[in-house]
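Q: All residue numbers for the sequence shown refer to the working numbering, where the first residue is -13 and numbers rise by one. Note that beta-carbon positions come from the ideal geometry of N, C-alpha and C, so glycine has one too. After the structure tokens below, expect a handful of questions from me.
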Amino acid sequence: MSRWLTEAVPRGRVAAFRTLIYLFVAADLVVFTPWVRTRVAVPGELYQPLLVGRLLPLPTPTPAVVAALFWALLLLALLAATGRAPRLLGWAVFALYFEWMIVAMSYGKVDHDRFGLLVALAVLPTAGRARHGDATRTEAGGWALRVTQIAVICTYFLAAWAKLRFGGLDWLTGSVLARAIIRRGTELADLIASVPYLLIVAQFGIVAFELLSPVVFLLRERWRLATVGFFYSFHLVTMATITISFAPHLAAMTAFLPLERVRPVLWARRLFSRGGRDAAGPAGAAPALASQASAAGRPDGP
């Protein structure tokens, strides 16, 4: 079990995952959860912190507190995305984002799509230093990615457990998706809803998919990646039909992917260098040929 939990992965994968997660945190502040800043307009009496917020001596949100939290978290997340000071910046980002989520979820609604992201932020500081493109393998980084993967799959499995616990079999045979389509459905959802019994079949399929999600850990790499691709397609359909975004969950789910193969900076450098060579033409190739001849011990001239 310990070997599975600490299965070594390339440091380049850890570096790419770290950059992606911290950039997502910055994007989350300005794109997905900017509404958290509006909480300061709500009377303090309506602030009912989650259990962890009651256990910790956290302040009641005020304009000054939320503004300081926002700007500090935005700056530190961008710095952490560079990979510098991974422990110091990593722990700081986790603490600030954790407080950001307590503020966001202490007014009556708790989103379960944040669990995997919070776990990723909690374990990334333990992965140590990692550079993009580094093929050296690390068990500490492997543990961080594995724990994030477990959190992602727990999000699915526990969501199914909650559906059956609180909704029972009525969740499977009721009008859950129909109500969602009425509230926030798209034209595509309206087409699907017009097919008799299709929404009931979809509800059975959703619960089956969530309950069976842990099987992903038993698959070989090729099939595991294909299954993760199915996970992403499921959320794409969800967004296209009932406009529910699981963006934080999708960011955390990249822990399953071989991110070390995705190197946009290197690709950009190659693209620009290739463009420069093409612009130089045959004349630009002469110095290169001359240098090769010198390296081979032959005179530069004819």
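Under 7 Å: does the beta carbon of A233 sit that close to some heavy atom of the ligand NAP?
A: Among the components of this structure there are no ligands whatsoever, and the ligand NAP is therefore not found.
Q: List the residues that DSSP assigns as beta-bridge partners of R210.
A: Assignment of beta-bridge partners to R210 by DSSP yields no partner.
Q: Examine the Cβ distances between the stretch 137 to 155 and the stretch 95 to 105 and report whether three or more of them are shorter than 8 Å.
A: Yes, the stretch 137 to 155 is in contact with the stretch 95 to 105.
Q: Closer than 7 Å by C-beta to T19: which residues in its own chain qualify, once you throw out the five before and the five after it? Chain order, please.
A: A90
Q: With a cut-off of 8 Å on the beta carbons, I'd call V0 and L131 a contact; round off their distance for me.
A: 7 Å
Q: Tell me the DSSP bridge mates of V96?
A: DSSP, once it has assigned bridges, lists no residue as partnering V96.
Q: Going by Cα to Cα distance, which pick from F190, E246, I186 and A166 is closest to A226?
A: A166
Q: Runs of 4 residues minimum, wholly inside the stretch 7 to 83: which ones carry the alpha helix (DSSP H) assignment?
A: 37 to 41 and 49 to 66
Q: Taking the alpha carbon of K149 as the reference point, which residue from M87, A238, P(-4) and G191 has its own alpha carbon closest?
A: G191
Q: Between which two residues does the alpha helix (DSSP H) containing G102 stretch?
A: F101 to V109
Q: For a quick check, are the C-beta atoms of A58 and L82 less than 8 Å apart?
A: Contact flag set, yes.
Q: Would you mind working out which of L62, F152 and G94 sits nearest Y33, comparing C-alpha positions?
A: G94
Q: Judging by CA-CA distance, which residue of E31, A233, L211 and L9 is the nearest neighbour of H221?
A: Out of E31, A233, L211 and L9, A233 has the C-alpha closest to the C-alpha of H221.
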